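Number of protein chains: 2
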Amino acid sequence: MKRLGRTERLRAGQTFRWEDDEVAVVGTLRVGALKIGASLSDGREQILGLVLPGDFVGRLSATGAAHRVTAAVDSTLCVFRRSRFADFVHCNPELEHALLDRAFAELARARDRMLLLGRKTAGERVASLLLELAERSGIPHGGRIALPLTRGEMADLLGLTIETVSRKITALQRAGTVALPDPRGAIVRDREALRIAAFA
Amino acid sequence: MKRLGRTERLRAGQTFRWEDDEVAVVGTLRVGALKIGASLSDGREQILGLVLPGDFVGRLSATGAAHRVTAAVDSTLCVFRRSRFADFVHCNPELEHALLDRAFAELARARDRMLLLGRKTAGERVASLLLELAERSGIPHGGRIALPLTRGEMADLLGLTIETVSRKITALQRAGTVALPDPRGAIVRDREALRIAAFA
DNA sequence: CGCAGCCTTGATATTTGTCAAACAGAGTGG
DNA sequence: CCACTCTGTTTGACAAATATCAAGGCTGCG
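Protein sequences, first through last, are from chains A and B.
All the letters of the first sequence, read from the start, carry residue numbers 1 to 200 under the UniProt record's numbering.
All the letters of the second sequence, read from the start, carry residue numbers 1 to 200 under the UniProt record's numbering.
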């Protein structure tokens with residue numbers, strides 16, 4: 001596939017500029033991790049989803065609301081101008097179908113997260129997050145998972161507070177389900193136990 | 001536009017059959033209200049979204065997870081076989097684009113709901129729901145809004161319990177923000193106050 | 001060293017859930 | 001027409017989960 005985008009780098013904490021100079025863009029994450037966020041006017045914050053390498057990022061529909069996209073860690077992504085991308089899609093109907101699939105996969109993840117936020121306990125939420133990160137990062141059982149989020153960001157993703165995340169994560173450690181070599185890494189010791197802790 | 005679907009009726013409480021006889025289907029809601037639900041194995045339930053008249057319903061992507069769709073009240077919808085629908089879409093590229101837009105609108109609503117579930121208080125949640133129903137049903141200010149949900153279903157949508165929904169709804173009534181002529185109807189007395197109660 | 005940011009832990013407060021009871025309306029059958 | 005029951009709602013007292021407040025620790029860095 002011909003490359004049509006340009007590479008862009010984001011330092012941790014930087015927010016992606018949708019309207020770069022003139023026109024909205026879309027892109028693909030190459031390395032790092034982005035967080036899609038929303039917030040209330042009094043400062044309460046919710047992370048709606050994570051973008052990990054390989055994932056698509058962008059405002060595909062002109063009508064869709066633009067959410068804030070911020071780099072959780074230093075990241076590089078490949079961005080296209082929206083207009084040029086639209087032409088390209090127009091010439092490749094297959095691609096539009098693939099995008100539709102991608103959109104629905106994202107929707108499915110959004111729905112899982114709604115179940116998590118609406119009905120899971122604090123312990124189940126942090127176990128679910130660790131499990132998701134373990135599965136999406138494709139690290140083999142027993143390997144160290146890099147956590148692209150601080151405790152505070154995990155809290156904003158899970159609808160909890162920093163302190164509760166910290167307590168529940170150490171509870172999983174005490175139970176022997178995970179090990180925490182350092183605050184930004186985790187090792188799943190017993191994936192089955194983690195799955196049980198995550199669900200119900 | 002030529003009609004290609006058949007009409008199907010669902011009584012309140014009935015679950016939509018995805019695999020009718022042979023093949024998955026998609027459709028459009030004509031009258032009534034559907035709830036898209038997910039649940040945990042121990043019975044905890046979460047309503048992920050509402051389908052109101054005019055909305056699209058279906059599993060567009062073969063890869064997307066199929067969620068349970070149940071009629072909240074007696075409903076009628078127009079359904080197509082997936083295969084025939086796919087052909088039709090293939091012949092009308094415009095349509096696929098419209099569907100993509102629709103999917104992103106739904107995603108945006110899903111994200112609003114995540115913010116609600118993760119970060120809003122109980123009172124803000126029920127106010128948000130009443131506001132959404134008022135706005136989506138297009139009833140003028142002061143008119144009676146038909147609530148297509150029981151208190152229990154509202155609770156499952158908002159990630160609360162029946163009792164909490166009941167208490168917060170009567171609190172809004174006591175504040176003069178809404179009136180409750182009967183449990184299945186509501187009148188917004190002060191939309192601005194409701195908006196304030198819903199947000200932050 | 002000493003600061004700054006992030007993490008952990010503890011004590012306490014607040015919100016929301018749980019359990020229980022009573023109430024209201026709709027349908028049903030005597 | 002009147003019990004009677006069934007389902008959904010409201011309300012109260014209490015319990016449990018999580019948030020808040022506060023302190024202290026660790027690590028990296030100027």
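Note that the Cβ used here is the ideal one computed from N, Cα and C, for glycine as well.
Quantities reported herein were computed from a predicted structural model and do not represent experimental measurements.
| Item | Value |
| --- | --- |
| From A:Ala-197, A:Ala-38, A:Arg-84, A:Ala-198, residue whose alpha carbon lies closest to that of Arg-119 of chain B | A:Ala-38 |
| Collapsed DSSP secondary structure at Ala-200 of chain A in the structure displayed | coil |
| Gly-32 of chain B and Phe-80 of chain B closer than 8 Å at C-beta | no |
| Beta carbon of Arg-30 of chain B nearer than 8 Å to that of Thr-70 of chain B | no |
| Identity of the residues DSSP links to Arg-6 of chain A by a beta bridge | A:Val-79 |
| Exposure of Arg-111 of chain A, with buried meaning 16 or more beta-carbon neighbours within 10 Å | buried |
| Cross-strand partners of Ser-39 of chain B (DSSP beta bridge) | B:Glu-45 |
| Alpha carbon of Asp-21 of chain B to alpha carbon of Thr-7 of chain B, nearest angstrom | Low per-residue confidence applies at Asp-21 of chain B: pLDDT is 44, beneath 50, and the placement is therefore not dependable enough to give any value. |
| Proximity test, Cβ basis, 8 Å: Arg-68 of chain B and chain A | no |
| Alpha-carbon to alpha-carbon, Leu-133 of chain B and Gly-49 of chain B | 12 Å |
| Within-8 Å CB hit, Val-159 of chain A to chain B | According to the sequence as given, residue 159 of chain A is Gly; it is not Val. Chain B, which has a Cβ nearer than 8 Å to the Cβ of Gly-159 of chain A, makes this yes. |
| Cross-chain neighbours of Phe-16 of chain A in chain B, by beta carbon under 7 Å | Result: empty, since nearest Cβ-Cβ is about 16 Å, beyond 7 Å. |
| C-alpha distance - Arg-151 of chain B paired with Thr-164 of chain B, whole-angstrom precision | 9 Å |
| DSSP beta-bridge partners of Arg-68 of chain A | A:Gly-37 |
| Min CB distance Ala-200 of chain B to chain A below 8 Å | yes |
| Start and end residues, beta strand (DSSP E) containing Ile-139 of chain A | Where Ile-139 of chain A is concerned, there is no enclosing beta strand (DSSP E), given that its DSSP letter is neither H nor E. |
| Any C-beta of chain B under 8 Å from that of Phe-80 of chain A | no |
| Under 8 Å between C-beta atoms of Phe-199 of chain A and Leu-40 of chain B | yes |
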